[in-house]
Amino acid sequence: MELIKGNLSGDGLNKDGLSPGNYLIIMENLKNFIPPEKQEEIRDQIVGDIFREAEKIARKSIISTGIENKLEKRIDDILTSRWLGFPIMLLLLGFIFWITIVGANVPSEMLATALFWLEEKISILFYRLGTPDWLHGILVHGIYRTMAWVISVMFPPMAIFFPLFTLLEDLGYLPRVAFNLDNLFKRAGTHGKQALTMSMGFGCNAAGVISARIIDSPREKLIAIITNNFVPCNGRFPLLIILASIFIKSSLSTTYNSLLAATVVVAFVLIGIIITLLVSWGLSRTILRGIPSTFTLELPPYRKPQIGRILVRSFLDRTLFVLGRAVMVAAPAGAVIWLLANTTINGSSLIQLVAAFLEPFARLIGLDGFILLAFILALPANEIVIPILLMGYLSSRIMMEPESLETLHNILINNGWTWLTAIATMLFSLLHFPCGTTLLTIRKETGSFKWAFFTFFLTTAIAVLVNLILVQFINFFIL
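Listed below in structure tokens is the structure:
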């Protein structure tokens, strides 16, 4: 600090060097007078001094009853506590997930029933018009059915999650989340606001990528965009929840089974957050190295939420926007999947032939050829992994869903699944390449296909590496 004061003397600083008006001058001169490794520490000292001076001025100039301030301070002491901040944050996040998952079940079923009822009517119309089977298959069993699954699975959870998330934002809680996670992301060499973009990714990774606009630094914004894929979105949660539910069995009670399954899902969420921090740390010290930008987080006062504005903003700007992109990507994918399932060579469909080709590699990472192919074909939308998987296992020419979890469990067991297969599939689902909607959003936000391709290959490599290490470790030391 003395070095800065000496070199900036005469620039209008007071005796303590605390003039907020000269903050930018000080920051600019850091590059000239302070070694890079000390700049972050000096920045924090300068910002701290400025805010302490501002507090002195405020105490002299503002008269307050202090009742509201004391209440807010007590709440903040709890929500940003070193010991209570993280548990409260995880519990609140878990509560939102629970509301989203439970609340979306009934509307998802109703929406699916309505859309597939409409599919039957469309099929009847095609038959009456004498449409060729191949055209009916591509348009109805391919394109329409894929879009129906994407809409029925994505729309209800997003319609619940985004308003709840926007409500926390409107209340003023999200800056407290950023405050709690700021130190972790700072240690990873990135921006504290990445905590907010990561949280948005729980609803949809494409929305998380868009929310990275709040980060001013291009380098740190890019890190947030690339690593947003490692938190599970609405498209991945169904697979995680289903596999946890049918492979986590207990002799106690259904309630205990549900609690245990929920604990497994939360554990995978935490794994995703840890991977996010580790990859962010690696990127910030390799191809995206640089000095972390200054992040002065001012906690805003708690506000009464404006429910009408929350509903409109979350529905129009987030839910419909993301869903529209997902449908655009899923539609042509449905046609491709139908063609692969209905094109045969020597009595075997292309899906079966490709799955057989992928089998040796898939086994190394705890999967099988059909599982790996399902992830590849579900690039447009993660929601259709299980329908594609069943289509392969049952040699069906159209995508289908199981009648119940017990039916699905029996099908998987009959095709060689074990608890290790379930864990490996869940882990690969968590870490593998982003969906087509997210990749297109990355291209739009970065202005280049280069970073979309880089994200695809980086996330895929990490998923393969982590699965390989885990499966080989378990096979060698446990099984």
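Read in order, the letters of the sequence shown correspond to residues -9 to 469 in this note's numbering. In this text, a Cβ means the ideal position worked out from N, Cα and C, and glycines have one as well. These numbers come from a predicted model, not from an experiment.
Below 8 Å, enough C-beta pairs join the region 365 to 374 and the region 123 to 143 to call them touching: three or more.
Val317 has its alpha-carbon roughly 18 Å from the corresponding atom of Val199. DSSP places Ser438 in the coil class of the three-state scheme, outside both helix and strand.
Three or more beta-carbon pairs separated by less than 8 Å are not found between the region 162 to 173 and the region 84 to 95, which leaves the two stretches without contact.
In the structure shown, Ile277 adopts coil according to DSSP, grouped into three states. The three-state reading of DSSP puts Ile335 in strand, counting E and B together. Residue burial is scored here from C-beta neighbours: Asp123 has fewer than 16 other C-beta atoms within 10 angstroms and is therefore classed as exposed. Secondary structure at Val221: coil, using DSSP grouped into helix, strand and coil. Exclusion of the five residues before and after Leu101 leaves Ile141, Ser142, Phe145 and Pro146 as the residues of its chain whose Cβ lies within less than 8 Å of its Cβ. The criterion of a C-beta distance shorter than 8 Å is satisfied by Leu186 and Ile204. Per DSSP, the continuous alpha helix (DSSP H) segment holding Ile413 begins and ends at Trp409 to Leu421.
Between the alpha carbons of Arg226 and Thr411 lies a distance of about 17 Å. In the three-state reduction of the DSSP assignment, His181 falls in the coil class, being assigned neither a helical nor a strand state. Residue range Arg135 to Leu161 is occupied by the alpha helix (DSSP H) that includes Ala138. Shown here for Ala346: same chain residues with a beta carbon closer than 7 Å to its own, the five before and five after excluded, namely Gly359 in chain order.
Between the region 210 to 226 and the region 331 to 339 there are fewer than three C-beta pairs closer than 8 Å, too few to call the two in contact. Taking the CA atoms as reference points, Val259 sits about 12 Å from Asn218.
Distance from the CA of Val221 to the CA of Leu80, rounded to the nearest whole angstrom, comes to 14 Å. When DSSP assignments are scanned along the region 316 to 372, the uninterrupted stretches of alpha helix (DSSP H) that are 4 or more residues long and fall wholly within it turn out to be 340 to 354 and 359 to 367.
Between the alpha carbons of Leu429 and Lys46 lies a distance of about 49 Å. Secondary structure note for Ser201: its alpha helix (DSSP H) is the uninterrupted segment Asn195 to Ser201.
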